[in-house]
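K.L.:
Handing you a structure now.
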Amino acid sequence: MNQITQLLQRLQAGDARARDALFAVAYEELRRLARSRLRDGGRNTVLETTSLVNESYLRFVNAGELRAEDRRAFFAYASQVMRSVILNSVRERLAERRGAGAPQLTLHTQLAEALPGDEETILKVHEALLVLEQADERLSKIVEMRYFGGYSVQEIAEALDVTERTVHRDWEKARLILLEALR
Amino acid sequence: MVLSAAQMARMSRLLEQALALDEAGRKHWLQTLSDEQRDLEPALRRALLSQSKTGVEALATLPKIDANEGKEKFKSTFQASAMVGPYQLIRQLGTGGMAEVWLAQRADGAYKRSLALKLPTAMDLRADIAKRFARERDILAGLEHPNIARFYDAGVSQEGLPYLAMEYVHGEPITQWCDTHLLEVRDRIKLFLQVLDAVQYAHARKVLHRDIKPSNILVTGSGQARLLDFGVAKLLADEETQTQLTQLYGQAFTPEYASPEMIRGDRVQEASDIYALGVVLYELLSGSRPYQLKTNAPLGALEHAVLQAQIPQPSSQITEESAMARATTARKLSRQLRGDLDAIVLKALQRDFRKRYLSAETLADELQRHLNAMPVNARLANPIYRLSRFVLRHRTGVATTAIVVMLVAVALGYVFMRSA
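From first to last, the protein sequence lines stand for chains D and B.
The numbering of the first sequence is the working numbering, which starts it at 17 and goes up by one.
The numbering of the second sequence is the working numbering, which starts it at 675 and goes up by one.
Below is the structure:
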């Protein structure tokens, strides 16, 4: 029997340790997935990787008919993994571009801010999110799920066990705070 | 403006109040901010202003990163002329999720022949990998069959890189080859019999393939089918950390040839290879796969289909295009597949492995019976079917017999009438 199925069963039977083990296994799966997809070249975009990881995650979750609380934890964890995979990819791209002798616009901070590349935007959102996390964990979690995870409002509401209305309102607040921080 | 965590928290609380107000209310609210909140006034003003503007929602999604940019970064971890164990790499043949395949040759000149060197890149390197390779290597290297690509060697280089050396087969995936050569159904079945012979041979030696799919069945220029990667899936599967799912995802992404028991993570056995063969046969005959999914359906949908969905008869899945590739028309192709071939394919694809063909050999016998117009076991329960096969096989014989029977009956009737 495969490891994930086994862990899902132990989890259903109420074995809390199985959850951590499951996450650990899934983490490798997710990273490997993202890497191999990126390696295939061609149509690789950060966005596609996100949806790829997302799909695979849903697959794990659906596979075992998890209890609601485990499902929630799983969703939250998945967006965390996606965020880190995306960030690593973005950092590597940036390093590569600089290594390739591209002019270092970042030397001139103001200019860099005036013309942020997509990679820079992602990095900045991430950094602002680190601050927001200290201020309001739920807000930052919602942004992580929405921005990095690509979840719908409904999925986020389910994962965080709040109403969709709350997600809408929090998302609006978080977005406005982040936009201000990114100025 | 740079916001501290404390400022963000305050801004959040303040926005909560302000967002509940209408435009006029917000203006008034901004003016009545307390002195402690004054530092946030410009930020709040901008936020409320941008919020009231309609349009594309900022930060709704990740920006799309230019597709070409990262391309080179994910090129091979290896380079031409590099050494891996006793082999020298020549050029890359392909990459999969789990491994790169390189054309290579023995560097010590032991033999000149070039071979395919499979380099598992996504594999967790474990201490016992060399031992495991050694254990399996001899079994796989013992497989000698004209329709199986030879397995030469498996080992670990000094740098700790695992490698698998296999015969390099120059060919096309079987489905593609059949289509480009406009092979008729009968010829497709004959070619497929070669595949079954190879699988039967390996199964008799207790080796499962575990990853049968068209890209692992190449047809060479001379029209011979060669199975690649026999037993390799198991070799690469690490019992402890490598899960079945990894194999499915990592190798194919679309576990479209995986049996239900494989998807469930149950024990893989001969019948699992039979199932995969059934999927390939389905595709060879009809031009479609058993599960009809949209290309962008989530991965879970396929899994669900394999475990739940009713598989349509191959004869019902024919397009004019697939008929053309089989040198016939859709109507004729559908008639060719209806009956025997539908029944044979669906028996190989039974969800319960005990109901499938017991071996590649019995499946081959069955296809052979179909080619010879003998009754196939998959439909034997039906007596009318048995009779119809008999008639088909002995057209002249049956016709002669029928005439004789009729004449005798007439003669007997005449005799009885006279004597009455």
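Backbone N, C-alpha and C define an ideal beta-carbon position, used for all residues, glycine too.
#1: Can you tell me where the beta strand (DSSP E) with B/W826 in it begins and where it stops?
#2: Would you say D/Q150 faces chain B, with C-beta separation under 8 Å as the test?
#3: Evaluate contact between the segment 835-851 of chain B and the segment 938-951 of chain B, counting only Cβ atoms and requiring at least three cross-stretch pairs below 8 Å.
#4: For D/N104, count neighbouring Cβ atoms within 10 angstroms of its own Cβ and tell me buried if that reaches 16, exposed if not.
#5: Can you give me the C-alpha to C-alpha distance between B/V1079 and B/S1033, rounded to a whole angstrom?
#6: Do the CB positions of B/L981 and B/I1018 come within less than 8 Å of each other?
#7: With H, G and I counted as helix, E and B as strand and the rest as coil, what does DSSP make of B/M1103?
#8: Output yes if chain D places a C-beta closer than 8 Å to the C-beta of B/A756; else output no.
#9: Using a Cβ-Cβ cut-off of less than 8 Å, give me the residues of the segment 682-697 of chain B that come near chain D, in sequence order.
#10: How about B/L677: is its C-beta nearer than 8 Å to some C-beta of chain D?
#11: Quick one: which residues of the segment 944-955 of chain B get their C-beta closer than 9 Å to a C-beta of chain D? List them in chain order.
#12: How is B/L777 classed by DSSP in three states: helix, strand or coil?
#13: Taking 6 Å as the limit between beta carbons, can you name the residues of its chain near B/A804, skipping five residues before and five after?
#14: Use the C-beta contact count for B/L959: other C-beta atoms within 10 angstroms, 16 or more gives buried, fewer gives exposed.
#15: Can you confirm whether the segment 680-688 of chain B touches the segment 147-164 of chain D when touching is taken to mean that 3 or more C-beta pairs between the two stretches lie within less than 8 Å?
#16: Can you find at least 3 beta carbon pairs, one from the segment 1038-1050 of chain B and one from the segment 989-999 of chain B, that sit closer than 8 Å?
#17: Using a beta-carbon distance cut-off of less than 7 Å, what residues from the segment 705-724 of chain B approach chain D?
#18: Whole angstroms are fine: how far does the CA of B/A899 sit from the CA of B/D885?
#19: Measuring only between beta-carbons, confirm whether D/R33 sits less than 8 Å from chain B.
#20: Hey, is D/L195's beta-carbon within less than 8 Å of any beta-carbon in chain B?
#21: Please list the partners that D/R99 has in chain B, where partner means a Cβ-to-Cβ separation under 9 Å.
#22: Does chain B have any CB closer than 8 Å to the CB of D/K157?
#23: Would you list the residues sitting across from B/T1002 in a DSSP beta bridge?
#24: Measure from the C-beta of D/R199 to each C-beta in chain B and report whether the shortest distance is under 8 Å.
#25: From the beta carbon of D/V178, is the nearest beta carbon of chain B less than 8 Å away?
#26: Using a C-beta to C-beta distance shorter than 8 Å, which residues of chain B count as neighbours of D/V147?
#27: Output the distance between the C-alpha atoms of D/R33 and B/E833, rounded to the nearest integer angstrom.
#28: In the DSSP assignment, what residue or residues form a beta bridge with B/Y837?
#29: On the CB-based measure, 16 or more other CB atoms within 10 Å of its CB, does B/D713 come out buried or exposed?
#30: Sort out for me which residues DSSP pairs B/V893 with in a bridge.
#31: In three-state terms, what does DSSP make of B/P1057?
#32: Taking the C-alpha atoms as reference points, what is the distance between B/Q874 and B/E1035?
#33: So is D/L192 in contact with chain B if we call contact Cβ pairs under 8 Å?
#34: Who are the Cβ neighbours of B/S896 in its own chain at under 7 Å, not counting the five residues just before and after it?
#35: Kindly identify the DSSP beta-bridge partner or partners of B/V758.
#36: Which two residues bound the contiguous beta strand (DSSP E) that contains B/L789?
P.N.:
This is what the structure holds:
#1: A small correction: the amino acid at residue 826 of chain B is Tyr; Trp does not occupy that position in the sequence shown. Segment F825 to V830, the beta strand (DSSP E) holding B/Y826.
#2: yes
#3: no
#4: exposed
#5: 42 Å
#6: no
#7: Residue 1103 of chain B lies beyond the residue range present for chain B, which begins at 675 and ends at 1094; the question has no answer from this structure.
#8: no
#9: M682, A683, M685, S686, L689, E690 and L693
#10: yes
#11: none
#12: strand
#13: V830
#14: buried
#15: yes
#16: no
#17: A717, R720, A721 and S724
#18: 16 Å
#19: no
#20: yes
#21: The premise fails here: D/R99 is roughly 10 Å from chain B at the closest Cβ pair, so nothing lies under 9 Å.
#22: no
#23: The partner list for B/T1002 (beta bridge, DSSP) is empty, contrary to what the question assumes.
#24: yes
#25: no
#26: L677, S678, A679 and M682
#27: 36 Å
#28: B/G829
#29: exposed
#30: B/E846 and B/A899
#31: helix
#32: 6 Å
#33: yes
#34: none
#35: B/Y761
#36: S788 to P794
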